[in-house]
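For the sequence shown, UniProt numbering assigns the number 1 to the initial residue and increments by one for each residue that follows. To keep things clear, I will list the structure first and then write my remarks on it.
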Amino acid sequence: MRIALFEPEIAGNVGAVLRLGACLGAAVDLIEPMGFAWDDRRVRRAAMDYIDHVTIARHAGFDAFRAAIGSRRLVLFTTKSDQSIYDFGFMPDDVLLFGKESAGVPAAIAGACHARVRIPMRPQVRSMNLASSAAIALGEALRQTATLPD
Numbered sequence: 001m002r003i004a005l006f007e008p009e010i011a012g013n014v015g016a017v018l019r020l021g022a023c024l025g026a027a028v029d030l031i032e033p034m035g036f037a038w039d040d041r042r043v044r045r046a047a048m049d050y051i052d053h054v055t056i057a058r059h060a061g062f063d064a065f066r067a068a069i070g071s072r073r074l075v076l077f078t079t080k081s082d083q084s085i086y087d088f089g090f091m092p093d094d095v096l097l098f099g100k101e102s103a104g105v106p107a108a109i110a111g112a113c114h115a116r117v118r119i120p121m122r123p124q125v126r127s128m129n130l131a132s133s134a135a136i137a138l139g140e141a142l143r144q145t146a147t148l149p150d
């Protein structure tokens, strides 16, 4: 299982997702451009020493990312889907894709994904924090595929 972040904008969110990947055994793909310098101390602060325990791949853009993941299924998490993650069947080699904090992903990127799913939430709110969404999504995907760490 992999987590992919499309053009992430907030260093602290990326750091938190890296820590999540380290703890649950998921590699993290970062699709550039990012909204901050990679050497930003905020990434290291949020990830702490966990950054040394996660596989990180940086990609120059979406096309380079797609080439790197090959035929793996790309599952987009978006508020613009009617499919709940709890009614979706995850597979162990899925790549869980999250859009940039301010705008999600462009329609062309959404159209390139194999599936689009959403995390159910109250209608009065717009969206969850990126790192929180990734944690909920990865936890459910690993639970479904019986691949949670011991």
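Note that the Cβ used here is the ideal one computed from N, Cα and C, for glycine as well.
For this session: Measure the CB-CB distance between Leu96 and Ala57 and report whether it falls below 9 Å.
Result: Here residue 96 refers to the residue found at position 96 of the sequence shown. Here residue 57 refers to the residue found at position 57 of the sequence shown. In this structure, Ala57 does not lie closer than 9 Å to Leu96 by Cβ.
For this session: Just confirm the distance between the C-beta atoms of Gln83 and Val117, as a whole number of angstroms; I'd bet it's less than 8 Å.
Result: One-based indexing of the sequence shown puts residue 83 at position 83. One-based indexing of the sequence shown puts residue 117 at position 117. Right, the Cβ-Cβ distance comes to about 5 Å (below 8 Å), so this counts as a contact.
Exercise. Would you call the CB atoms of Met24 and Pro149 closer than 9 Å?
Worked result: As a first step, residue 24 must be located in the sequence shown, where it is residue number 24. As a first step, residue 149 must be located in the sequence shown, where it is residue number 149. In the sequence under discussion, the amino acid at residue 24 is Leu, which differs from the Met named in the question. One thing to note: Leu24 has its Cβ within 9 Å of the Cβ of Pro149.
Problem set entry | Limits of the unbroken alpha helix (DSSP H) element including residue 155 | Only positions 1 to 150 of the chain appear in the structure, and residue 155 is not among them; the question remains open.
Exercise. Should Ala22 go down as buried or exposed, given a rule of 16 or more other Cβ atoms within 10 Å for buried?
Worked result: Mapped onto the sequence shown, residue 22 falls at position 22. By the C-beta density criterion, Ala22 is buried, having at least 16 other C-beta atoms within 10 angstroms.
For this session: Sort Leu20, Gly70 and Arg73 by Cα distance to Ala46 and report the nearest one.
Result: Walking along the sequence shown from the start, residue 46 turns up at place 46. Of the candidates Leu20, Gly70 and Arg73, the one whose C-alpha sits nearest the C-alpha of Ala46 is Leu20.
For this session: Using 10 angstroms around the beta-carbon of Gly15, count the other beta-carbons present and answer buried if the total reaches 16, otherwise exposed.
Result: If you number the sequence shown from 1, residue 15 lands on position 15. Buried, because 16 or more other Cβ atoms sit within 10 Å of the Cβ of Gly15.
For this session: Answer yes or no: do Glu140 and Ile85 have a C-beta to C-beta separation smaller than 9 Å?
Result: Start at 1 with the first residue of the sequence shown, and residue 140 comes out as number 140. Start at 1 with the first residue of the sequence shown, and residue 85 comes out as number 85. Yes; because the gap between Cβ atoms is below 9 Å, this pair is in contact.
Problem set entry | Contact the region 48 to 56 vs the region 96 to 110: 3+ CB pairs below 8 Å | Flag = no, the region 48 to 56 and the region 96 to 110 do not touch.
For this session: Could you name the residues of the same chain whose beta carbon sits closer than 7 Å to that of His114, not counting the 5 residues immediately before and after it, in chain order?
Result: Here the question's residue 114 lines up with position 114 in the sequence shown. Closer than 7 Å at the Cβ level, and outside the excluded window around His114, lie Arg73, Leu74 and Val75.
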